[in-house]
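Counted the way my numbering counts, the sequence shown spans residues 4 to 270. C-beta atoms are modelled at their ideal positions from N, C-alpha and C, and glycine is treated no differently. Remember, it's a predicted structure, so these values are computed and weren't measured experimentally. First the structure, in the form of structure tokens, and then the observations on it.
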Amino acid sequence: MFENLKVPKSVKNFFQKEIEKARIGNSYIFEGPEKEIKFQFAIELAKALNCASGGCGICETCKEIQTFKHPDVKIFTTTTSVKIDDIRDFIRFMNLSKLNANYKVGIIKDGELLTPEATSALLKILEEPPLNSIIVIITSSLYRLLPTIRSRCQIVRFPPKNFVYQKISYEREFFKEVFEWQKKKQYDVFFEKLSDYLDAENPRERVSQVLKGFLLDLYHRFRDNPFFCEREISSLMMGLELLRRQASAKFVLHWIFFEKIPEVVFG
Ligand SMILES: [Zn+2]
Numbered sequence: 004m005f006e007n008l009k010v011p012k013s014v015k016n017f018f019q020k021e022i023e024k025a026r027i028g029n030s031y032i033f034e035g036p037e038k039e040i041k042f043q044f045a046i047e048l049a050k051a052l053n054c055a056s057g058g059c060g061i062c063e064t065c066k067e068i069q070t071f072k073h074p075d076v077k078i079f080t081t082t083t084s085v086k087i088d089d090i091r092d093f094i095r096f097m098n099l100s101k102l103n104a105n106y107k108v109g110i111i112k113d114g115e116l117l118t119p120e121a122t123s124a125l126l127k128i129l130e131e132p133p134l135n136s137i138i139v140i141i142t143s144s145l146y147r148l149l150p151t152i153r154s155r156c157q158i159v160r161f162p163p164k165n166f167v168y169q170k171i172s173y174e175r176e177f178f179k180e181v182f183e184w185q186k187k188k189q190y191d192v193f194f195e196k197l198s199d200y201l202d203a204e205n206p207r208e209r210v211s212q213v214l215k216g217f218l219l220d221l222y223h224r225f226r227d228n229p230f231f232c233e234r235e236i237s238s239l240m241m242g243l244e245l246l247r248r249q250a251s252a253k254f255v256l257h258w259i260f261f262e263k264i265p266e267v268v269f270g
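Here it is as structure tokens:
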């Protein structure tokens, strides 16, 4: 199952186990930077659940799913926004009885484009999912979905494909040092270091790069068990989202140090 896919081992193992133990959930959020990988995996999951050979790729069912022609698998994709009427159609589809599949599968490829009204409509079906149905919502960042959706789905993280640690080695040492000052409560030195750090041409970009660096680093160190550093990954993603929404670099950096980053990131 899932052999030929270039998705992280942690994700493959997780779903393999869920399927083997027949405890597959009703709703998942696939989060991570590369959209196509997550989308392909959602398609493979639909095959694995519905093909008699666990996703062979060559039978009629697999072929229909792959070419988006299977009557029980719906893919919703858009480039503008996911509106309430789209979600109403989606819900109608999910509630129709299955034609010839074991599982009804609905994939929302662009979760970040859900409007608030569409989100509210979607909540209903997430709360009362039809029997043997699965909804997969794909997004680049959890924080681009409303919290009400996040809390009703199981979250599956897809680490980025390429890791670049070398680039952040200097920053890493720097942050380790600053963290030491913070631990010793030597706040005058601590703030001076941070303020020097922010005295760059584009501080927001600088902080954004370093958060991404730490994120990659965590994904690498906990590659086979990303659930272990769930909280830290969430914090770094949130920091990036705050920067994207034009929060100041200083605010995000202080927030990361004082509220969100425990030892594990600097370890
Ligand atoms: Zn098949």
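Cα-Cα separation, residue i to residue j
| i | j | result |
| --- | --- | --- |
| isoleucine 61 | asparagine 105 | 18 Å |
| serine 198 | tryptophan 258 | 14 Å |
| methionine 4 | serine 100 | 27 Å |
| lysine 12 | phenylalanine 33 | 15 Å |
| serine 56 | isoleucine 68 | 14 Å |
| isoleucine 140 | lysine 41 | 10 Å |
| isoleucine 236 | leucine 221 | 7 Å |
| lysine 54 | arginine 247 | For the record, residue 54 in the displayed sequence is cysteine; it is not lysine. Rounded to whole angstroms, cysteine 54 to arginine 247 spans 41 Å at the Cα level. |
| glutamine 249 | valine 10 | 32 Å |
Expected contact under 8 Å - CB spacing of residue i and residue j to nearest Å
| i | j | result |
| --- | --- | --- |
| glutamate 174 | glycine 216 | 6 Å |
| isoleucine 27 | leucine 8 | Contact flag wrong, Cβ pair sits at about 17 Å. |
| leucine 116 | leucine 125 | The Cβ separation is near 12 Å, so there is no contact. |
| phenylalanine 79 | lysine 112 | 6 Å |
| leucine 218 | leucine 245 | About 14 Å separates the two Cβ atoms, so there is no contact after all. |
| isoleucine 158 | leucine 145 | 7 Å |
| leucine 129 | serine 211 | With 8 Å as the limit, leucine 129 and serine 211 do not qualify as a contact, their Cβ atoms being about 32 Å apart. |
| serine 143 | lysine 15 | About 21 Å; that fails the 8 Å criterion. |
| methionine 97 | glycine 109 | 5 Å |
Environment of residue i [buried if 16+ CB atoms lie within 10 Å]
| i | result |
| --- | --- |
| proline 150 | exposed |
| leucine 102 | exposed |
| phenylalanine 193 | buried |
| threonine 81 | exposed |
| glutamine 185 | buried |
| tyrosine 200 | buried |
| alanine 121 | buried |
| phenylalanine 261 | exposed |
| alanine 49 | buried |
| phenylalanine 44 | buried |
| histidine 223 | exposed |
| glutamate 47 | buried |
| phenylalanine 71 | exposed |
| aspartate 202 | exposed |
Residue i in three-state terms, based on DSSP
| i | result |
| --- | --- |
| arginine 26 | coil |
| arginine 160 | strand |
| valine 10 | coil |
| methionine 4 | coil |
| lysine 188 | coil |
| tyrosine 173 | helix |
| leucine 256 | helix |
| leucine 245 | helix |
Along the chain, which unbroken stretches of the alpha helix (DSSP H) at least 4 residues long are found entirely within the region 195-227? 206-224
Only counting runs of 4 or more residues, tell me where the alpha helix (DSSP H) segments fall wholly within the region 30-100, in order along the chain. 38-53, 63-69, 87-98
For the region 108-148, list the beta strand (DSSP E) runs that are entirely contained and at least 3 residues long, ordered along the chain. 136-142
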